[in-house]
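Enquirer:
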Amino acid sequence: MTTFREAVEARDSEAMAAVLAENVVFTSPVAFKPYPGKAITAAILRGVLRVFEDFRYVREIANPDGRDHALIFEATVNGKTVNGCDFLHYDDNGLIDSLTVMIRPLSAAQAMAEAMTAQFPRIQEEALAATQAQSAS
624 MTTFREAVEA RDSEAMAAVL AENVVFTSPV AFKPYPGKAI TAAILRGVLR
674 VFEDFRYVRE IANPDGRDHA LIFEATVNGK TVNGCDFLHY DDNGLIDSLT
724 VMIRPLSAAQ AMAEAMTAQF PRIQEEALAA TQAQSAS
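Position in the sequence shown counted from 1, then plus 623, gives you my numbering.
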């Protein structure tokens, strides 16, 4: 099975979505409310792939049971250096059911918010299309 880290590093949005649980909750570094569900989370992750430049994980921390991981990353967004961390929790089936992202410094979080705001109409369209496709099957 491809890990989330491998999928992100390969910029493989399908592999990223494949490791998400249907009930995953995405907590954004720049939005007040979390986003519940695989369709919206996968669409947000595709949007992030479009806005991050020079993305790389620099460290991984895991608890002994393997259900919690912290993936520390660096990237650039609109010329701003971003330092951040993806906090992952895996369910009993080995799928991510919680993904929380933290970003610093404030100027990078603001650049990220602006870039993702521009992406959000496309993100919403992709999430809706995925939800409709799942309902049709």
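For glycine and all other residues, C-beta sits at the position ideal for the given N, C-alpha and C.
Does DSSP classify Gly717 as helix, strand or coil?
Expert: Counting from 1 along the sequence shown, the entry for residue 717 is found at position 94. Gly717 falls in the coil class under three-state DSSP.
Enquirer: Report the option in Arg669, Ser758, His712 whose CA atom is closest to the CA atom of Gln747.
Expert: Mapped onto the sequence shown, residue 747 falls at position 124. Comparing Cα-Cα distances from Gln747 to each of Arg669, Ser758, His712, the minimum goes to Arg669.
Enquirer: Kindly confirm or deny that the stretch 651-667 and the stretch 680-694 touch, where touching means at least three C-beta pairs closer than 8 Å.
Expert: Not touching, per the Cβ criterion.
Enquirer: Nearest to Glu645 by CA position, among Met739, Thr740, Arg727, Leu722, is which residue?
Expert: Stepping through the sequence shown from its first residue, residue 645 is reached at position 22. Nearest option by C-alpha distance: Leu722.
Enquirer: Taking Ala731 as the reference, which of Ala752, Pro659, Glu697 has the closest Cα?
Expert: Translated into positions along the sequence shown, residue 731 becomes position 108. If we check each option's Cα against that of Ala731, Glu697 comes out closest.
Enquirer: At which residues does the alpha helix (DSSP H) containing Arg679 begin and terminate?
Expert: What you label residue 679 is simply residue 56 of the sequence shown in a count that begins at 1. It is not in any alpha helix (DSSP H) - Arg679 instead sits in the beta strand (DSSP E) that spans 676-685.
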